[in-house]
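11 is the number that our numbering gives to position 11 of the sequence shown; each next residue is one higher, with no gaps.
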Amino acid sequence: MSLRYKVPQDVQREDKILFFITMKQLVVLMVTGGISYFLFVQLSETYILSQVAIAFIMLPFIAGCAFCFIRIKGLGLTQFFLLNVEHLLLPARRYWQAGSQEVVSSTVDFTTKVKDDEEQAPLKNISSEKIKNLADLIDSGGKSARSND
């Protein structure tokens, strides 16, 4: 006699606690809602709050709702935000492939510095005889042409 057990198919997905809300989302909503409620209670005792002030008080709860329910390209807003921070802080990785075009970064400015006339070295007058002697020296592999004579 074999026993049958029900094995969950998708173990990576978080369990839904309340309708479509997971436990993590419920905790985030409760904490941000509690912060907004605390601000409302404390400020309403001291001040007469306008609608604009109440909207600013609700910002923590609105941010909590955004981090719980907004998805960008299949990622939750929390994970998307953390991946963007990681992208900003870590150096970029570049991969070389044979036969591919040269990678040029758009952040590098390719300008050449133009030197003033004062910074340039003065031109020297070199005779054609001296240039010919240097060419012969290079062609002979460093042996002086005069030592062979």
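Here a beta-carbon is modelled for each residue, glycine too, at the ideal position from N, C-alpha and C.
For this session: From the DSSP output, read off the bridge partner residues of LYS16.
Result: THR22
For this session: Have a look at PHE67 and LEU77 and give me their C-alpha separation to the nearest angstrom.
Result: 5 Å
For this session: With ALA133 as the anchor, note down where its alpha helix (DSSP H) starts and where it stops.
Result: A small fix is needed here, since residue 133 is Asn in this sequence, not Ala. Per DSSP, ASN133 belongs to the alpha helix (DSSP H) from 128–139.
Exercise. Would a C-beta distance cut-off of 8 Å place VAL28 and GLY64 closer than the cut-off?
Worked result: yes
For this session: Hey, could you find the ends of the alpha helix (DSSP H) LEU89 is sitting in?
Result: 77–89
Exercise. Tell me, which residues are paired with ARG71 by DSSP?
Worked result: GLY76
Problem set entry | Secondary structure of ILE57, DSSP reduced to three states | helix
Problem set entry | Residue of VAL52, LYS6, MET58 minimising C-alpha distance to VAL31 | MET58
For this session: Return helix, strand or coil for GLN51, following the three-state DSSP convention.
Result: helix
Exercise. So, using beta-carbon positions, are LEU3 and ILE17 closer together than 8 Å?
Worked result: no
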